[in-house]
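Position one of the sequence shown corresponds to residue 1 (UniProt numbering), numbered consecutively onward. Below: one structure, written as structure tokens.
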Amino acid sequence: MKTLKRLLAFALPYWKAYAGALIMVLGVTGLQLMQPMLARWIVDGIYANHQWSLLLWGSLAMTGTAAASAVFGYLQRYWMSWAGQKVIYDIRNRLYQHLQQLSFSFYDKAQTGQLMSRVTADVEQTRMFLSNQMIQIVAAGVRFLATFCLMLSLDWRLTLVAMIPVPVLVWRAEIYAMVIRPMFWSIQQQLAVLTATLQENVTGQRVVKAFARKDFEIKKFERDNLDLMEKNVNTLRASAFNDSLMTLLTESSLAIILLWGGREVMRGALTVGTLVAFNTLIVQMLQQVRMLGMWISGATRTIAAGDRIFEILDTKAEVSDKPGAKPIPKIQGRVTFENVSFAYDGEHMVLEDINLDVKPGETIAILGGTGSGKSTLINLIPRFYDVTKGRILIDGHDIRDVTLDSLRRQIGVVTQETFLFSASLRDNIAYGKPEASDAEIRRAAEAAHIDEFIDSLPDGYNTIIGERGVGLSGGQKQRVAIARALLMDARILILDESTSSVDVETEMKIQEAFNKLLADRTAFIIAQRLSTVRNADRIIVLDKGRIVEEGTHEELLARGGIYTAIYNLQFKGQEENELRNESATAEGGEK
């Protein structure tokens with residue numbers, strides 16, 4: 001009931017539509033109750049008394065009540081469907097907005113397919129309940145009570161006899177609800193697993209084909225699909241058994257009525273018309289009880305779906321604006337780490353006691369082995385994660401005291417895994433600054449040396465790229481991402497191995513652009529190229545989450561420490577290649 005109450009809270013703004021639907025339900029109920037009474041009048045008043053002149057009026061009355069019932073039923077279904085669609089529209093929006101607010105830590109653990117299932121399949125199940133089944137449950141109660149009262153007015157003894165199977169029907173419906181709810185929860189969970197498997201396979205098709213794992217993936221999907229089928233079959237088996245039992249109990253009630261009522265008719269204590277009306281009424285009443293099982297099934301499935309929806313909505317963002325947070329003013333770019341430590345799980349530190357003061361316009365190159373904390377360090381600056389200990393200041397402002405939007409709008413980011421949207425190249429470049437002019441977009445593309453490639457395309461900047469940038473090379477995607485970051489004109493730039501997928505010549509062009517663009521900006525760069533770190537104002541070397549060395553390229557080489565080891569392993573070959581290329585170029589010029 002707690003879950004249903006929370007779902008109904010979404011329906012509250014549309015109470016007028018639900019109230020109108022309920023009025024139509026009452027109208028339909030009244031008209032349906034009139035039909036047995038008309039049948040009684042036709043049998044006892046017309047047939048028994050041979051009043052054939054009234055037969056046409058009796059037929060017209062039956063037809064009129066049926067027509068009016070159809071009109072009321074149409075209005076009921078329309079208003080319920082309209083209200084249900086509105087509610088689901090709100091729930092989907094709330095879910096999507098909440099997903100946008102959740103922190104990186106949530107997405108580190110969540111499966112995309114699971115989230116997609118909750119926003120689609122679970123929400124759709126909720127729609128079915130709120131747009132139809134909910135009012136039907138209310139209608140069933142109203143019709144049951146109204147029918148029961150009318151039956152009592154006709155013959156209270158026959159009513160009590162007819163009600164003998166009803167307690168058993170209600171008991172069975174309660175048992176069914178208890179059994180079926182965990183089964184529906186399991187189905188919703190398995191559907192999410194199947195969606196996750198499908199999503200992973202579709203997005204990972206290049207890996208699947210590269211490693212010839214098609215047969216494995218097919219068997220994996222078949223296994224998950226088989227589990228879903230078996231869960232559905234088990235649920236259908238339980239539903240079929242319950243329906244059959246409810247039918248048996250209903251038919252037994254009809255048999256009791258015919259037996260008892262027939263004897264009363266033979267004794268002259270009951271008219272044939274009353275028995276016909278009574279039989280129709282008990283069928284209507286028991287139908288409501290029978291349908292109760294189906295509606296309980298729908299409500300149970302909705303509760304299972306609602307639990308999964310609220311599981312997301314109840315998840316709190318680990319990084320959010322604190323009460324009273326204010327927008328950060330236009331920044332100059334000074335970044336200060338004061339005794340910063342960080343752990344993803346709150347216990348095992350990935351960064352420890354980081355102290356770093358970066359002046360506006362300074363370029364910092366970050367190096368270290370795998371797992372040393374390079375990416376973690378730069379992810380703390382735009383508050384993708386919050387520090388566990390210490391604090392980070394930008395222009396003297398603790399970044400936890402300012403609003404997230406105002407902070408992140410002044411930081412340009414190029415992540416290690418380049419992500420592009422299925423949209424035009426113009427839209428992808430202008431994603432962080434949608435109001436940018438064509439001239440600004442072109443300048444950013446020129447700075448990232450992607451403009452020539454874009455101009456070579458038939459639709460130029462209006463070219464629609466595939467999902468995740470399919471159709472572009474790794475270097476092209478990275479240059480689009482760089483242009484996107486540069487267009488923001490941010491005072492702080494974060495570049496996580498942003499030139500790792502471009503060739504040497506392209507990187508040299510990008511580096512030339514960087515030298516101009518980074519002149520007055522603070523930049524944190526994780527790079528795999530010697531030119532990037534060599535031109536940095538300062539290099540910091542991380543090892544096991546700590547800053548172990550700090551200085552310029554020449555200073556660190558002179559110390560002969562960890563940076564020297566990294567240089568010999570990673571950069572010395574690059575430098576030797578550069579020298580050979582320069583020598584070859586010089587010799588070619590002399591010839």
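Heads up, the beta-carbon is just placed ideally off N, CA and C, and yes, glycines get one too. Since we're looking at a predicted model, the values are computed, not measured.
Taken through DSSP and simplified to helix, strand or coil, Leu493 comes out as strand. With a cutoff of 8 Å on beta-carbon distance, Ala365 and Ile494 are scored as not near each other. Closest by C-alpha distance to Leu259, out of Glu555, Val161, Ala430, Ala483, is Val161. If you draw a straight line from the Cα of Ser131 to the Cα of Phe421, it comes to about 34 Å. Assignment of Phe221 by DSSP, reduced to helix, strand and coil, places it in the helix class. The Cβ-Cβ distance between Leu191 and Ser117 falls below 8 Å. Residues of the same chain with a CB within less than 6 Å of the CB of Ile42, apart from the 5 flanking positions on each side, are Gly58 in chain order. Residue environment for Trp79: buried (at least 16 other C-beta atoms within 10 angstroms of its C-beta). Within the model, the alpha-carbon separation for Val142 versus Leu26 is close to 8 Å. Selection Ile547, Asp543, Asp489, Arg529 evaluated against Thr522 yields Asp489 as nearest (Cα-Cα). Assigned with DSSP and collapsed to three states, Gly27 falls in helix.
With fewer than 16 neighbouring CB atoms inside 10 Å of its own CB, Ser244 falls in the exposed class. Beta-bridge pairing by DSSP links Thr336 to Asp357, Leu393. By the Cβ neighbour-count rule, Trp295 is buried, with 16 or more other Cβ atoms within 10 Å of its own. The straight-line gap separating the alpha-carbon atoms of Val548 and Val319 is approximately 29 Å.
Straight across, the Cα-Cα distance linking Cys149 with Leu4 is about 30 Å. With contacts defined as CB atoms closer than 8 Å, Met151 and Leu281 qualify as a contacting pair. Here the C-alpha atom of Gly371 lies approximately 16 Å from the C-alpha atom of Glu347. In this structure, the CA atom of Ile91 is about 17 Å from the CA atom of Ala299. With contacts defined by Cβ atoms closer than 8 Å, Ala536 and Thr363 form a contacting pair.
In the structure shown, Val402 adopts extended strand secondary structure according to DSSP, grouped into three states.
For Gly412, the three-state secondary structure derived from DSSP is strand. CA-CA distance, Ser531 to His553, rounds to 10 Å.
In summary, Pro434 is exposed, with fewer than 16 beta-carbon neighbours lying within 10 Å of its beta-carbon over all protein chains present. By the criterion of a C-beta distance shorter than 8 Å, Arg127 is surrounded in its chain by Gly84, Gln85, Val87, Ile88, once the five residues flanking it on both sides are discounted. The DSSP-derived three-state label of Asp543 is strand. Under DSSP, no beta-bridge partner is assigned to Lys16.
The beta carbon of Gly412 is closer than 6 Å to those of Ala485, Met488, Ala490, Leu493 in its chain, skipping five residues each way along the sequence. Assigned with DSSP and collapsed to three states, Ala39 falls in helix. Selection Ser424, Ile187, Met178, Gly373 evaluated against Asn232 yields Ile187 as nearest (Cα-Cα).
The criterion of a C-beta distance shorter than 8 Å is satisfied by Thr315 and Phe106. In the DSSP annotation of this structure, Phe104 is not part of any beta strand (DSSP E); the continuous alpha helix (DSSP H) holding it starts and ends at 104-109.
Segment contact: the segment 326-342 against the segment 378-394, three or more CB-CB distances shorter than 8 Å; contact assigned. Looking at the backbone, the Cα of Gly471 and that of Thr120 are separated by about 29 Å. Pairing Trp156 with Phe278, the inter-Cα distance amounts to about 11 Å. In the DSSP annotation of this structure, Phe421 is not part of any beta strand (DSSP E), being labelled neither H nor E.
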